[in-house]
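Take a look at the structure set out below.
Here you go:
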């Protein structure tokens, strides 16, 4: 459960009092199609609840994952005008996940191994190794300070996001995966052996988070998932965002006062906090498309978001991977040479180990050897 807190200072600064407005929230709900009768929109159907749940207090307990808050004026001449509109995402642990992690904790209580680390994968679409050094300077500096190991031999295995994501998350290429679970783009990927399933069995809370729901690696020209693939799945929320007025057709740059990247990173911090509060490790796979896909120079303006996030996880027991799928594939950037396209960025580090520890030293040696 989470708390929605009303900023009384902001209300008064806007010329209202708490008695001058009426607030409520709609729930953003994922609509699931039958397993025996689905189409390629199965992972893309949502609805807003018909009821707008009233917010009576300045601190409201929220049990839902995704909500849209409305506040309207109760005074003339602006009676019933919308004076505030915002969407919120709260990581909530459902009953099934609670049972699973409780069972895992019971099995591991007798183990002499310490607390398993969180695993956080930050993926940036269309981001070569050289582009990272040029346009993610603060992030790369933060990674080096944390003792991150740069994977110099890391290269792409496919042309676009999906084959490279499959390889990273399953250890197979798409041709190997097809007979197992994915014969065609119309087939759902629920049965595919993505690594978050192994982490779930090991007692982790799991998440996959992407910023552009119309162009995600799992869903672009594909069915995606018939059922929620992870404990935390932000896709329904972002589809709700896309139903709001926006400047662009296929993506949203902002959600209320946040850049979309800020919101995703905040959601990731919230997930790590939920895991910490429940003494449960968290696996997070997140993918940012908007930062660099259409304009590699825009990365400069998002660099601080990633570096600030790294500072928040630097002191936690976390295995961090900062990576991409490929470099630039379009237009004049290809003139720089094929190496730009074939060599995406890749860094990894264990924040509780570092290079100074025996395990960290061995990890560094093995990665450089590979």
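In this note's numbering, the protein residues as written are 471 to 840.
Glycine residues also receive a C-beta, built at the ideal position from the N, C-alpha and C atoms.
*Give every residue of the same chain whose Cβ lies closer than 7 Å to the Cβ of residue 784, excluding the five residues on either side of it in the sequence, and list them in chain order.*
616, 821
*Buried/exposed call for residue 790, threshold 16 Cβ in 10 Å*: buried
*Exposure of residue 471, with buried meaning 16 or more beta-carbon neighbours within 10 Å*: exposed
*Excluding the five sequence neighbours on either side, which residues of its own chain have a C-beta within less than 6 Å of the C-beta of residue 530, listed in chain order?*
474
_Buried or exposed by the 16-neighbour rule on C-beta atoms within 10 Å, applied to residue 585_ = With fewer than 16 Cβ atoms within 10 Å of its Cβ, residue 585 is classed as exposed.
*asked:* Do residue 482 and residue 522 have their beta-carbon atoms positioned less than 8 Å apart in this structure?
replied: no
*Closest Cα partner of residue 739 within the set 780, 654, 639, 655*: 780
_Nonlocal neighbours in the same chain, by C-beta distance under 7 Å from residue 542, ignoring five residues either side_ = 491, 492, 550, 551, 552, 553
*So what does DSSP say about residue 482, is it helix, strand or coil?*
Residue 482: helix per DSSP, three-state reduction.
*asked:* So if DSSP puts residue 530 in a beta bridge, which residue, or which two residues, is it bridged to?
replied: 474
*Can you check whether the CB of residue 765 is closer than 8 Å to the CB of residue 602?*
Contact: no.
*Who does residue 797 pair with in a DSSP beta bridge?*
Paired residue(s): none; residue 797 is not in a bridge.
_Using a Cβ distance threshold of 8 Å, determine whether the stretch 665-675 contacts the stretch 721-736, with at least three qualifying pairs required._
Taking a cut-off of 8 Å for Cβ pairs, the stretch 665-675 and the stretch 721-736 do not touch, as fewer than three such pairs fall below it.
*Three or more C-beta pairs closer than 8 Å, one from the stretch 679-687 and one from the stretch 716-731: is that the case here?*
yes
*Between the beta-carbon of residue 817 and the beta-carbon of residue 621, is there less than 8 Å?*
Yes.
_Buried versus exposed, by CB contacts within 10 Å (16 or more), residue 668_ = exposed
*Separation of residue 560 from residue 480, as counted between CA atoms*: 22 Å
*Please state whether DSSP places residue 506 in a helix, a strand or coil.*
coil
*C-beta atoms of residue 605 and residue 773 nearer than 8 Å*: yes
*Note the first and the last residue of the continuous alpha helix (DSSP H) segment covering residue 651.*
644-651
*Among residues of its own chain, excluding the 5 on either side of residue 663, which ones have a beta-carbon nearer than 6 Å to its beta-carbon?*
640
*Quick one: using the 10 Å Cβ neighbour count with 16 as the cut-off for buried, is residue 526 buried or exposed?*
In summary, residue 526 is exposed, with fewer than 16 beta-carbon neighbours lying within 10 Å of its beta-carbon over all protein chains present.
_Proximity test, Cβ basis, 8 Å: residue 780 and chain D_ = Looking for chain D here will not work: only one protein chain is present.
_Within the continuous alpha helix (DSSP H) that includes residue 672, where are the two ends?_
It is not in any alpha helix (DSSP H) - residue 672 carries neither H nor E in the DSSP assignment.
_For residue 557 and residue 728, the rounded distance between their alpha carbons_ = When rounded, the distance between both Cα atoms is 10 Å.
*Could you give the C-beta distance for residue 699 and residue 498, rounded to a whole number, given that I count them as a contact under 8 Å?*
Rounded, the Cβ-Cβ distance is 18 Å, inconsistent with contact.
*Out of 597, 787, 704, state which residue places its alpha-carbon closest to the alpha-carbon of residue 516.*
704
_Counterpart residues of residue 737 in DSSP-defined beta bridges_ = None, per the DSSP bridge assignment.
*Cα separation between residue 763 and residue 693?*
22 Å
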